[in-house]
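A short worksheet on the structure shown next.
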Amino acid sequence: MIPFLFVSVLGLAQNNGTPKFVLKGLVESQNFHEPIQGVSVSTSSGQFTYTNGAGEFRISVSIGERLILEHPSFETVRHQVTSRDDIKLQVVEESKKDNALSRSSMSEK
């Protein structure tokens with residue numbers, strides 16, 4: 001019975017005593033509200049997945065964990081999970097930011 005209790009306590013320590021759940025989310029561009037496919041979504045506890053063609057993902061998390069979103073088209077985004085509700089994360093894509101900067105600098109000349 002003691003080994004069983006040790007394993008249970010160790011399991012709770014790994015996720016800070018907060019139960020895991022499956023978080024559903026959507027990643028889209030901030031300016032055009034288009035879904036972004038192939039975004040790497042990971043957690044501070046080591047879970048990992050990618051967004052599908054509709055920009056959607058599902059990942060096992062606990063409240064208080066951080067999501068880390070990475071993709072070549074935008075800077076790394078970190079988001080702390082604060083509830084069990086589905087989330088929508090809007091990101092500013094690099095190429096769109098660069099184009100906006102080019103246009104604004106051209107208009108100032």
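Everything in the sequence shown is counted per the UniProt record's numbering, starting at 1 for the first residue and increasing by one.
Glycine included, C-beta positions come from ideal geometry on N, C-alpha and C.
What number of angstroms, rounded off, separates the C-alpha of residue i from the C-alpha of residue j?
i, j, result
"Arg78", "Glu56", "17 Å"
"Gly53", "Ser42", "18 Å"
"Lys20", "Val61", "5 Å"
"Asn31", "Gly46", "30 Å"
"Glu94", "Thr76", "11 Å"
"Ser105", "Ser73", "Low per-residue confidence applies at Ser105: pLDDT is 34, beneath 50, and the placement is therefore not dependable, though the value from the model is reported in the following sentence. Roughly 21 Å separates the two Cα atoms."
"Asp85", "Val27", "15 Å"
"Val92", "Ile68", "15 Å"
Check this for me: beta carbons of residue i and residue j, under 7 Å apart or not?
i, j, result
"Ser63", "Thr18", "The question names Ser, but residue 63 is Ile in the sequence shown. Yes, the pair counts as a contact, with Cβ atoms nearer than the cut-off."
"Thr49", "Ile59", "yes"
"Glu70", "Ser29", "no"
Tell me residue i's beta-bridge partners as DSSP assigns them.
i, result
"Thr43", "Leu67"
"Arg58", "Lys24"
Buried or exposed for residue i, going by 16 or more other Cβ atoms inside 10 Å?
i, result
"Glu65", "buried"
"Gly38", "exposed"
"Glu34", "exposed"
"Thr51", "buried"
For the beta strand (DSSP E) containing residue i, name the first residue and the last one.
i, result
"Phe74", "Phe74 to Gln80"
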